[in-house]
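Below: one structure, written as structure tokens.
There are 2 protein chains.
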Amino acid sequence: MGEGRPLRADAQRNRAKILDAAESVFAAQGLSASTEDVAKEAGVGIGTVFRHFPVKESLIEAVFLARVRKLADKAAALSEAQAGPAFYGFFTYAVEQAATQSAYADVLSEAAVAGGGEEPSVVGAELAATVETLLVRAQQAGAVRTDIGPAELIALLIGASRAAERVSPDVRLRALDIVFDGLRPVR
Amino acid sequence: MGEGRPLRADAQRNRAKILDAAESVFAAQGLSASTEDVAKEAGVGIGTVFRHFPVKESLIEAVFLARVRKLADKAAALSEAQAGPAFYGFFTYAVEQAATQSAYADVLSEAAVAGGGEEPSVVGAELAATVETLLVRAQQAGAVRTDIGPAELIALLIGASRAAERVSPDVRLRALDIVFDGLRPVR
DNA sequence: GAAAATACGGAGCGACGACTCCGTTTGTCA
DNA sequence: TGACAAACGGAGTCGTCGCTCCGTATTTTC
């Protein structure tokens, strides 16, 4: 898994432009958006896209990774706060993201395949780590019931995110509240 | 919305075979399965499929309708039981279905678009009606909190179904329990 | 049982999407 | 600054998919 020699300057620029474009195109049109659309948005030729990401799936995975890292950043930022609010804030944030960006939920489910599907996938591992930290802290603080693990949480996160895609904001919030109530320790 | 004259005998047979085939093909491969696969499975020509369902979407919708009706049947069967168990039983059943049949969750989300998307769609209306009956009864029996409506419930149902697709059975059950806990009246 | 109506099958059309190939351009390094 | 490697662009290939068209087969009707 070496990295060969460094990319030429223009190649680096283009790679970044492509990732940016892919993120916004996938967000707007879903993962079935054509590679050509991504290239157009990035202002490069299709050939360039395929040189950087030899198969469409690699492009998707790269975008996924970026997203999960953004989520992880959010988690890190929130970790300054108290464990409980950090946990619920993160969950809300993730779902909110999914609501606005059509392919966002796919990130999560694809990532989660880690355990049950094909290759392990870096993305899945990172997501699991992020979520687990948050969860354990919140459980120790007594804000979340202790009989669940990261797997259940990720399942719920994915479900909530997918459901969020087509639902009005207020319904989304109320549905989320229900899940949160279920997550709290049994009184 | 008349029904013209009755179909010829062979035409009726074929229509049924196509619907059957579509159900199982979509379940196995998802909604992106090709029409030709459906035709092959049904043992008819592609032309026949398109004569009965002039656009792919009409075939999908027909399959959806059949599914929602099956759900409604389940709901009716359960309604003999007490309101609470009927409600949670239905929810569990629906999610369980989604878990085994890949395109099943799509039925629900597509149907739910009723309120927020394109045409009203018969499917959506039937689903909403089914769910609402069950919900109201359960609420009256004190088994479900009263501050939620069918919209929130359908959102949760969709979310749970989508999440169920790629998750192991035990995780699925535990996640579902969390949602159920959230649905119960605040003690 | 023959004519008319209806339905069937599947080759073929047009569109589209992933991916390749190669002549041209740009960056790098001595 | 010249020469070589690295990267670019996008027309073109191949495969797939939705859908049409029409000669053939099956029902129905009288």
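Read top to bottom, the protein sequences are chains A and B.
The first sequence begins at 6 in the working numbering and counts up by one.
The second sequence begins at 6 in the working numbering and counts up by one.
Just so you know, even glycine gets a beta-carbon here, dropped at the ideal spot from N, CA and C.
The structure displayed is predicted, hence computed values, not measured ones.
As assigned by DSSP and simplified to three states, the class of residue i
i                      : result
residue 137 of chain B : helix
residue 154 of chain B : coil
residue 188 of chain A : helix
residue 173 of chain A : coil
residue 102 of chain A : helix
residue 85 of chain A  : coil
residue 11 of chain B  : coil
residue 121 of chain A : With a pLDDT of only 40 at residue 121 of chain A, under 50, the local geometry of the prediction cannot be trusted, and the value read off the model is given with reservation. Three-state DSSP puts residue 121 of chain A in a helix.
residue 108 of chain A : coil
residue 91 of chain B  : helix
residue 128 of chain A : helix
residue 146 of chain B : coil
residue 180 of chain A : helix
Within chain B, partners of residue i - CB distance below 7 Å
i                      : result
residue 50 of chain A  : By Cβ distance, chain B contributes nothing, its closest Cβ being about 28 Å from residue 50 of chain A, past 7 Å.
residue 165 of chain A : 164
residue 176 of chain A : 156, 157 and 160
Contact under 9 Å by Cβ, residue i with residue j
i                      : j                      : result
residue 182 of chain A : residue 187 of chain B : yes
residue 26 of chain A  : residue 44 of chain A  : yes
residue 104 of chain B : residue 177 of chain B : yes
residue 190 of chain B : residue 150 of chain B : yes
residue 21 of chain A  : residue 108 of chain A : no
residue 85 of chain B  : residue 91 of chain B  : yes
residue 160 of chain B : residue 172 of chain A : yes
residue 54 of chain A  : residue 64 of chain A  : yes
residue 138 of chain A : residue 71 of chain A  : no
residue 167 of chain A : residue 35 of chain B  : no
residue 4 of chain A   : residue 128 of chain A : Residue 4 of chain A cannot be examined here, being either before or after the span of chain A that is shown, 6 to 192.
residue 148 of chain B : residue 93 of chain B  : yes
residue 132 of chain A : residue 73 of chain A  : yes
residue 24 of chain B  : residue 88 of chain B  : no
residue 62 of chain A  : residue 169 of chain A : no
residue 10 of chain B  : residue 157 of chain A : no
residue 57 of chain A  : residue 82 of chain A  : no
residue 42 of chain A  : residue 60 of chain A  : no
Beta-carbon neighbours of residue i, restricted to chain B and to distances below 9 Å
i                      : result
residue 179 of chain A : 152, 153, 154, 156, 157 and 160
residue 184 of chain A : 161, 164, 183, 184 and 187
residue 67 of chain A  : Those within 9 Å of residue 67 of chain A in chain B number zero; the least Cβ separation is about 21 Å.
residue 149 of chain A : Result: empty, since nearest Cβ-Cβ is about 10 Å, beyond 9 Å.
Interface residues of chain A facing residue i [CB-CB closer than 8 Å]
i                      : result
residue 130 of chain B : In chain order: nothing, as chain A lies at least about 16 Å away.
Listed by chain order, chain A residues near residue i by CB distance under 9 Å
i                      : result
residue 73 of chain B  : Those do not exist, as residue 73 of chain B stays about 17 Å from chain A at its closest Cβ, beyond 9 Å.
residue 136 of chain B : Neighbours of residue 136 of chain B on chain A: none; closest Cβ ~14 Å, over 9 Å.
residue 54 of chain B  : Within chain A, no residue comes near residue 54 of chain B; the closest Cβ sits about 23 Å away, beyond 9 Å.
Chain-ordered neighbours of residue i on chain A, where CB pairs are closer than 7 Å
i                     : result
residue 82 of chain B : Here the premise fails: no neighbours, minimum Cβ distance about 26 Å.
Proximal residues of chain B, C-beta to C-beta of residue i below 8 Å
i                      : result
residue 77 of chain A  : The contacting residues do not exist; residue 77 of chain A stays about 21 Å from chain B at best.
residue 141 of chain A : The premise fails here: residue 141 of chain A is roughly 17 Å from chain B at the closest Cβ pair, so nothing lies under 8 Å.
Quick check on the DSSP output: what are the complete alpha helix (DSSP H) runs of length 4 or more inside the stretch 23-82 of chain A, in order along the chain?
40-47 and 51-57
Taking Cβ-Cβ distances below 8 Å as the criterion, which residues of the stretch 88-103 of chain B are in contact with chain A?
none
Give, in chain order, every residue of the stretch 21-38 of chain A whose Cβ lies closer than 7 Å to some Cβ of chain B.
none
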